[in-house]
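Trainee: Quick one: this structure, given as structure tokens, is what I'll be asking you about.
Pasting the structure below:
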């Protein structure tokens with residue numbers, strides 16, 4: 001089975017919102033999703049949009065997405081990539097799609113000279129926490145945030 005990652009387009013907005021809703025269901029927070037398709041179109045695809053979307057496909061069928069943006073570290077004096085959301089449908093997990101999507105993001109971070117690749121995870125989401133640790137990401141206990149930087153980021157992006 002072929003996994004493909006591509007930039008999201010405005011026509012993906014309904015699918016992205018569906019994935020966001022599935023993710024919110026998993027996180028027991030569906031009631032907090034107020035975004036509409038129009039909101040997704042505007043925030044991800046309008047001129048000057050600061051967030052970016054990716055679609056993950058298996059054999060041409062969308063199975064997940066990621067939304068990210070660039071932040072800045074004053075301590076590093078460089079941009080950073082922050083992963084806002086990553087979601088793979090439950091029936092597609094365990095087949096390498098999540099790792100492929102994260103590696104694609106790591107490559108974007110490296111190509112943009114980012115000093116860090118960061119994201120947050122709910123403290124009860126043990127499968128995600130173990131998955132991230134298996135990739136070399138380290139928890140930032142005071143923030144419950146995960147980070148790849150330096151050698152780990154570069155090695156992960158290169159597939160090592």
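In full-length UniProt numbering, the protein residues as written are 1 to 160.
Every residue, glycine too, gets a C-beta built ideally from N, C-alpha and C.
#1: Which of the three DSSP states is assigned to residue 36 in this structure?
#2: Tell me the rounded alpha-carbon separation between residue 43 and residue 88.
#3: My understanding is that residue 98 touches residue 131, with C-beta atoms under 8 Å, so please give their C-beta distance in whole angstroms.
#4: Between the Cα of residue 120 and the Cα atoms of 139, 18, 72, which residue gives the shortest distance?
#5: What's the C-alpha gap between residue 12 and residue 85?
#6: Just reading off the alpha helix (DSSP H) that residue 152 is part of, what are its end residues?
#7: So, residue 105 versus residue 68, is the Cβ gap smaller than 8 Å?
#8: Which same chain residues, not among the five before or five after residue 100, have their C-beta less than 8 Å away from its C-beta?
#9: What does the alpha-carbon distance come out to for the pair residue 103 and residue 28?
#10: For residue 58, write down the residues that DSSP places opposite it in a beta bridge.
Mentor: According to the structure shown:
#1: Secondary structure at residue 36: coil, using DSSP grouped into helix, strand and coil.
#2: 21 Å
#3: Right, the Cβ-Cβ distance comes to about 7 Å (below 8 Å), so this counts as a contact.
#4: 139
#5: 16 Å
#6: 150-158 is the extent of the alpha helix (DSSP H) around residue 152.
#7: yes
#8: 3, 5, 56
#9: 27 Å
#10: 3, 61
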